[in-house]
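Trainee:
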Amino acid sequence: MAQHVVILGNGIAGITAARHIRKRCAETRITVVSGETDHFFSRTALMYIYMGHMKYEHTKPYEDSFWAKNRIELRRGWVAKVDTAGKALVFDDGSTLAYDSLVLATGSASNKFGWPGQDLPGVQGLYSYQDLESMEANTKGIQRGVVIGGGLIGIETAEMLHSRDIPVTFLVREPSWMSNVFPAEESELINREIRQNGIDLRLGAELDRIEAGPDGRAAAVVTKDGETIPCGFVALTVGVHPNIGFLKESEIETDRGILVDDHLRTNIPDVYAAGDCVQLRQAAPGRRPVEAVWYTGRAMGQTLARTLTGEPTPYLQGRWFNSAKFFDLEWQIYGEAPATLPDGVATLCWQHAEKPLLIRINYRESDQVVTGFQVMGVRYRHDACHRWLEDGRTLRYVLENLGAANFDPEFYREYESEVVALYNSKFPEAPVQLKRRRGLTGWIRSLRAS
Amino acid sequence: MVRRTGMALFLAAFIGFLGLLTYGGFEIDDAAWSEIEQSSRWQDWHKQPFLDAIGELRGQSWSTPFGFVPAINAAIDKADEAMGDGVQFQKWDRQPYGLELARIASKSPIGGREGLFLFLTVGLACIGGLLYALPRIWLEPAGIKNNGVMFSKAKSRGWIGIGVGVFLIGLYIALYFHPAYIANWIRLTDPATRLISGNPDARASQWFFYGFLYTLSILVMGVRMMVHYRHSRYHLLRTVSIIFFQTGFAFLIPEILVALNKPWFDFKNAWPLNYTFFHGWSLDQFQNGGALGWFMLFWGIGLSLLLIPLLAAFFGKRWYCSWVCGCGGLAETLGDPYRHLSDKSLKAWKIERWLIHGVLVFAVIMTGATLANYLSEGKLLAEYTGPVQEWYGFLIGSIFAGVVGTGFYPFMGNRVWCRFGCPLAAILGIVQKYKSRFRITTNGGQCISCGNCSTYCEMGIDVRAYAQRGQNIIRASCVGCGVCAAVCPRGVLRLENGPEEGRYNEVSLLQIGDGKIDAA
Ligand SMILES: Cc1cc2nc3c(=O)[nH]c(=O)nc-3n(C[C@H](O)[C@H](O)[C@H](O)COP(=O)(O)OP(=O)(O)OC[C@H]3O[C@@H](n4cnc5c(N)ncnc54)[C@H](O)[C@@H]3O)c2cc1C
Ligand code: SF4
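Take a look at the structure:
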């Protein structure tokens, strides 16, 4: 009989695994289980549903008929525990589902840090579709919302409330927005972007407690400085952790996340894990063992599909890239551009005099090899940056060809010549000449030339 | 505050505009009757039976066009009967006759004050619209602001949207089939036609009125479009181009040509979108139009067969469909708020391919028959050409392109005609798919499958299906509006022209990081 792969979690990790298993093997029986929604939707698009840019329907990357067509069985339900000895999932209603191989792709859950009042009605995190629904209900007719925690989800939550003209106070513990991740220039640009949108951004502000009103709902937030901010809604967006609570009693080894080896195998045979819930026993140099981003889930899902269809494949963390949009300010990163420069790494950081535009290139001082690109308000070509990083190109080479990396829409102003001019003003002894302008043709030409 | 005032002004002007239709009513009194008798518009061969039949309506009055127009239609039927077999009023007689009668019999105070009323209705509506759109420049930062689109009663098939749709459908039916109903609107544009033609007695036809309103819509909604996408130079330039081609090429130049006694000709409207180009009367007109006429003939043929496909090979379909074309121009301005209503399903895609290529085949057959008939001087296919032309004109030219094409904006999105019907778009699409330098490049692995691109694609392309696999988007239907790239929150999409080689990339290099595992 064909083997039965059960995938717990219909997020990007689980679904990518399912699709790729089917692509590679027609026989395997595949079942995807989730308690959250019937169908896969894009978690990253939750904010756009609240903001009215899209409906839930629009966030589903595949038509509902896709699953039957590809013989991917879907089962809706919450799993209470995993019976690894009996090779079965046990649902909260007591029913079970047997597997030959199990993929745990259960994602994350929102953090809470034991603040008084954190469980009051009107206080919530934002991760699941259910969270979105409760946010919809919790923010009806409120005078102000407070967002606690300056991470990516926090800023999205602030933008969501703002889109409905709800005044927002945004409490961020760090002295500047995400200054633990972003260098000062980038962080400051984001601070400005947040404030320009009329958000009451409080930097260096910590939550002490949340107070209830006479109706028992959250009515005010009190900071460590003793300030009271009246509000009708509190978003706790202080990070996420792997969603592994239901594994506590199982034999599956966990730490912060589900521990896996380089083939995404857990300590139990035939049990694998992918996505946000994973903690790599051995992370690549410079990378974290838990990486709760979309791309990681997708890559793990793809890798695992190979392993599960007879081609054991190690998961390689590869080169880091990421992107986001803070209100109207877009951000992309390729390679490394940490908050503080590591020893021996220098940076060339160009900023526009007035507009929020930034291009940063990091490079090793010893051999001038480029180690990372970070852009704000400008789009860069993934292929180009990736190739240069892989090939160990020097700053000089990259600058000469920089135009080829520009991915902004046609007719947009190009700033690469200013980046080069900045370099030349710093190092006038051997000036660089910009060879390529923007565009595909420029990029292809530079590929051919090299 | 200013925006509210603008909206109030627009609504008031719009209500006034609707009211004008009936305002004052209609009456064939003595003055009207003598004007009817003296009018030079009736053709001699049926003038008498026609006047006899209309004469019976003398002294009657009607409070709305919905009473008046059926009454005159019945009268014309009577005249038809009186004339007996063989000689009948044709559709193309009835329409202008009805319109002329309605103009004469109208008791509305517009008469002599057309300019004032035009300003009070259409003019104030435009000002209101601009007052509503422009303050956004100061009130909110530039960037994609689709907040609340899905909750909007106007933009997401709520009652306002339905109302707009019904209004547009009604307007198109009146324009194409029963202009007499909107006689009071049409005459509002008399001063404009006089100004352009330099003829102090000129009267606006329904087509002049239509062109006037069309151009104004593109102008005002073009300004809105530019405000909405003011951070994007691609959209600013594209919108300026649309406004330029509509005002210059589609509206002013043809009218000026007519004023100079030359054939009405829109230099950018190519066969087969312009399906009457090869009709006998049109070819005759070119040949009788002197050097300019011949130039028009050759220009038109060259445009369709050479220039349009050639430019599409270099820049994609967009150079025409979203930068130049009038139908596309209206879709990109007036229709922009409805772009997300296009159906993204695979089924819709299938229907699209059958329909649009079906219309292309129909258009080619019709033109072939027309030309055969023309060149053989009426010997070949004589009995088929007329009906085929008529059916094409009715079904495709009027119902599909007009009534459905625009009237369905608030129901099925702003590109219904361009996507499902336009035969020129079909040709351009074939070029774009098989022989073009155009594609939308996907930026490596950056896609987060959020769906904004697919949602706001007016052509119903599931952009995300490609983007999330790292695949370039090359679709026959893409008109290159650039909105997917603009709404993408992760900078994933770029419209670009480049070498054809490798255009259909299987998958991106680096979804996984090590560059070895495919992503499809
Ligand atoms: C608002 C928001 C915005 C984000 N934006 C970005 C972004 O821009 N870029 C980016 O890279 N990442 C972003 N992320 C993170 C990204 O969404 C996650 O990394 C990714 O979705 C994780 O995918 P996954 O498949 O591992 O898990 P999930 O998507 O969390 O899927 C796990 C599924 O398993 C289900 N499940 C879990 N346990 C059980 C159980 N016991 N029984 C039944 N079902 C269960 C869950 O309900 C869920 O449906 C964002 C996250 C959020 C919340
Ligand atoms: S809008 Fe951008 S990130 Fe979202 S699905 Fe489309 S390409 Fe991907």
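Chains as they are written, first to last, in my numbering: chain V, 651 to 1100; chain X, -6 to 513.
All C-beta atoms, glycine included, are put in the ideal place defined by N, C-alpha and C.
In terms of residue numbering, what span does the alpha helix (DSSP H) encompassing PHE61(X) cover?
Mentor: As a working mapping, residue 61(X) is identified with position 68 in the second sequence. 58 to 76 is the extent of the alpha helix (DSSP H) around PHE61(X).
Trainee: Report back the beta-carbon spacing between LEU991(V) and VAL1020(V) to the nearest angstrom; my notes put them in contact at under 8 Å.
Mentor: Numbered from 1 along the first sequence, position 341 holds the residue referred to as residue 991(V). Numbered from 1 along the first sequence, position 370 holds the residue referred to as residue 1020(V). Not confirmed; about 14 Å, so no contact.
Trainee: For GLU813(V), collect the residues of the same chain with a Cβ closer than 8 Å to its Cβ; drop the 5 residues on either side in sequence, then sort them by chain order.
Mentor: For this step, residue 813(V) is matched to residue 163 along the first sequence. Strictly speaking, residue 813(V) in this sequence is Ser, with Glu absent from that position. Result list for SER813(V): TYR700, MET701, GLY702, in chain order.
Trainee: Using the three-state DSSP reduction, which class does LEU327(X) fall into: helix, strand or coil?
Mentor: The residue given as residue 327(X) occupies position 334 in the second sequence. Three-state DSSP puts LEU327(X) in coil, outside helix and strand.
Trainee: Return the residue from the list ASP86(X), GLY400(X), ALA356(X) that minimises the CA-CA distance to VAL381(X).
Mentor: Here the question's residue 381(X) lines up with position 388 in the second sequence. For the residues ASP86(X), GLY400(X), ALA356(X), the minimum Cα distance to VAL381(X) belongs to ALA356(X).
Trainee: Is it buried or exposed, SER501(X), if we count other Cβ atoms within 10 angstroms and call 16 or more buried?
Mentor: The residue labelled residue 501(X) in the question sits at position 508 within the second sequence. Low local confidence applies: a pLDDT of 42 at SER501(X) is under 50, so the model's placement there is unreliable, with the coordinate-based value given in what follows. With 16 or more Cβ atoms within 10 Å of its Cβ, SER501(X) is classed as buried.
Trainee: At a CB distance below 8 Å, what residues from the region 435 to 450 of chain X approach chain V? Give them in sequence order.
Mentor: For the region 435 to 450 of chain X, which is checked against every Cβ of chain V, the residues closer than 8 Å are ASN436, GLY437, GLY438, GLN439, ILE441, SER442, CYS443, GLY444, ASN445, SER447, THR448.
Trainee: What are the boundary residues of the beta strand (DSSP E) that SER530(X) is part of?
Mentor: This structure gives no information on residue 530(X), because the portion of chain X shown stretches from -6 to 513.
Trainee: Drop a sphere of 10 angstroms on the beta-carbon of GLY105(X), count the other beta-carbons inside from all chains shown, and report buried for 16 or more, exposed for fewer.
Mentor: One-based indexing of the second sequence puts residue 105(X) at position 112. By the 10 Å Cβ count, GLY105(X) comes out exposed.
Trainee: Shorter than 8 Å, the distance from the beta carbon of THR435(X) to the closest heavy atom of ligand 2, or not?
Mentor: Counting from one through the second sequence, the residue named residue 435(X) turns up at place 442. Answer for THR435(X): yes, Cβ within range of ligand 2.
Trainee: According to DSSP, simplified to helix, strand and coil, what is CYS314(X)?
Mentor: As a working mapping, residue 314(X) is identified with position 321 in the second sequence. Of the three classes helix, strand and coil, the one that applies to CYS314(X) here is helix, per DSSP.
Trainee: Given a threshold of 16 other Cβ atoms within 10 Å of its Cβ, counted over all protein chains shown, does LYS719(V) qualify as buried or as exposed?
Mentor: The residue labelled residue 719(V) in the question sits at position 69 within the first sequence. So LYS719(V) counts as exposed.
Trainee: At a Cβ cut of 9 Å, what residues of the region 132 to 162 of chain X count as close to chain V, listed as they run along the chain?
Mentor: Residues passing the 9 Å Cβ filter: GLU133, PRO134, ALA135, GLY136, ILE137, LYS138, ASN139, ASN140, GLY141, VAL142, MET143, PHE144, SER145, SER149.
Trainee: Taking the alpha carbon of LEU886(V) as the reference point, which residue from GLY801(V), LEU1072(V), GLY1089(V) has its own alpha carbon closest?
Mentor: Within the first sequence, residue 886(V) is the residue found at index 236, counting from 1. Minimum Cα distance to LEU886(V) is reached at GLY801(V).
Trainee: Restricting to Cα atoms, I'd like to know which of THR963(V), LEU1039(V), LYS705(V), ARG1088(V) is closest to CYS443(X).
Mentor: Position 450 of the second sequence, counting from 1, holds the residue named residue 443(X). Selected option, being the one with the closest Cα: LYS705(V).
Trainee: Which whole runs of the alpha helix (DSSP H) in the region 701 to 729 of chain V are 4 residues long or more, in chain order?
Mentor: Whole alpha helix (DSSP H) segments, 4+ residues: 715 to 719.
Trainee: Take the Cβ of ASP926(V) as the centre, count every other Cβ of all protein chains shown within 10 Å, and call the residue buried at 16 or more, exposed below.
Mentor: Counted from its first residue, the first sequence places residue 926(V) at position 276. Classification for ASP926(V): buried.
Trainee: Cβ atoms of GLU49(X) and LYS84(X): under 9 Å apart, would you say?
Mentor: By 1-based counting over the second sequence, the position of residue 84(X) is 91. By 1-based counting over the second sequence, the position of residue 49(X) is 56. Contact: no.
Trainee: Does the beta carbon of GLN982(V) sit closer than 9 Å to a beta carbon anywhere in chain X?
Mentor: The sequence position of residue 982(V) within the first sequence is 332, counting from 1. Chain X contact via Cβ: present.
Trainee: On the premise that CYS477(X) lies in contact with CYS446(X), defined as a C-beta separation below 8 Å, what is that separation, rounded to the nearest angstrom?
Mentor: Counted from its first residue, the second sequence places residue 446(X) at position 453. Counted from its first residue, the second sequence places residue 477(X) at position 484. The pair is a contact, with the Cβ atoms about 4 Å apart (cut-off 8 Å).
Trainee: Shorter than 8 Å, the distance from the beta carbon of LEU696(V) to the closest heavy atom of ligand 1, or not?
Mentor: As a working note, residue 696(V) is residue 46 in the first sequence. The answer is yes for LEU696(V).
Trainee: Can you tell me whether GLU325(X) is buried or exposed? The criterion is at least 16 other CB atoms within 10 Å of its CB, across all chains shown.
Mentor: Within the second sequence, residue 325(X) is the residue found at index 332, counting from 1. Classification of GLU325(X): buried, given that the 10 Å Cβ count is 16 or more.
Trainee: Grouping DSSP H, G and I as helix and E and B as strand, with all else coil, what is TYR965(V)?
Mentor: Here residue 965(V) corresponds to residue number 315 of the first sequence, with the count starting at 1. In the structure shown, TYR965(V) sits in coil (DSSP, three-state: anything other than H, G, I, E or B).
Trainee: Specify, as a first and last residue, the run of the beta strand (DSSP E) that THR666(V) falls within.
Mentor: Translated into the one-based positions of the first sequence, residue 666(V) becomes position 16. It is not in any beta strand (DSSP E) - THR666(V) instead sits in the alpha helix (DSSP H) that spans 662 to 674.
Trainee: Name the one or two DSSP bridge partners that GLY295(X) has.
Mentor: As a working mapping, residue 295(X) is identified with position 302 in the second sequence. DSSP, once it has assigned bridges, lists no residue as partnering GLY295(X).
Trainee: Less than 7 Å between C-beta atoms, sequence neighbours within five positions excluded: which residues of the same chain meet that for ALA275(X)?
Mentor: For the purposes of this step, residue 275(X) is taken as residue 282 along the second sequence, with counting starting at 1. The question names Ala, yet the displayed sequence has Ser at residue 275(X). Around SER275(X): THR269.
Trainee: Note down, one range per segment and in chain order, each alpha helix (DSSP H) of at least 4 residues found wholly within the region 824 to 904 of chain V.
Mentor: 834 to 846, all fully within the region 824 to 904 of chain V.
Trainee: Within this structure, are the beta carbons of ALA955(V) and ARG674(V) separated by less than 9 Å?
Mentor: Stepping through the first sequence from its first residue, residue 955(V) is reached at position 305. Stepping through the first sequence from its first residue, residue 674(V) is reached at position 24. For ALA955(V) and ARG674(V), yes; Cβs fall inside 9 Å.
Trainee: Could you compute how far the alpha carbon of ILE879(V) sits from the alpha carbon of VAL872(V)?
Mentor: The residue labelled residue 879(V) in the question sits at position 229 within the first sequence. The residue labelled residue 872(V) in the question sits at position 222 within the first sequence. Their Cα atoms are separated by approximately 6 Å.
Trainee: Based on the DSSP secondary-structure assignment, which residues constitute the bridge partners of ALA923(V)?
Mentor: What you label residue 923(V) is simply residue 273 of the first sequence in a count that begins at 1. In DSSP, ALA923(V) forms a bridge with LEU754(V).
Trainee: Which residues bound the beta strand (DSSP E) around THR946(V)?
Mentor: Taking the first residue of the first sequence as position 1, residue 946(V) is located at position 296. Not the beta strand (DSSP E): THR946(V) falls in the alpha helix (DSSP H), residues 944 to 958.
Trainee: Residues in the same chain with beta-carbon distance under 6 Å from LYS148(X), minus the five sequence neighbours each way, listed in chain order, please.
Mentor: Translated into the one-based positions of the second sequence, residue 148(X) becomes position 155. Taken in chain order, the residues that qualify are VAL142, PRO330.
Trainee: Quick check for students: name the residue ranges of the alpha helix (DSSP H) that lie wholly in the region 319 to 378 of chain X, counting only runs of 4 or more.
Mentor: For the region 319 to 378 of chain X, whole alpha helix (DSSP H) runs of length 4 or above, ordered along the chain, are 319 to 326, 339 to 368.
Trainee: Within 9 Å (strictly less), CB to CB, does PRO256(X) reach chain V?
Mentor: Numbered from 1 along the second sequence, position 263 holds the residue referred to as residue 256(X). Answer no: the Cβ-Cβ gap between PRO256(X) and chain V never drops below 9 Å.
Trainee: Can you find a CB in chain V that lies within less than 9 Å of the CB of LEU600(X)?
Mentor: For chain X, the structure presents residues -6 to 513; residue 600(X) sits outside this window and is missing.
Trainee: From which residue to which residue does the alpha helix (DSSP H) around VAL1048(V) run?
Mentor: Taking the first sequence and counting its residues from 1, one reaches residue 1048(V) at position 398. Run containing VAL1048(V): 1045 to 1050, per the alpha helix (DSSP H) assignment.
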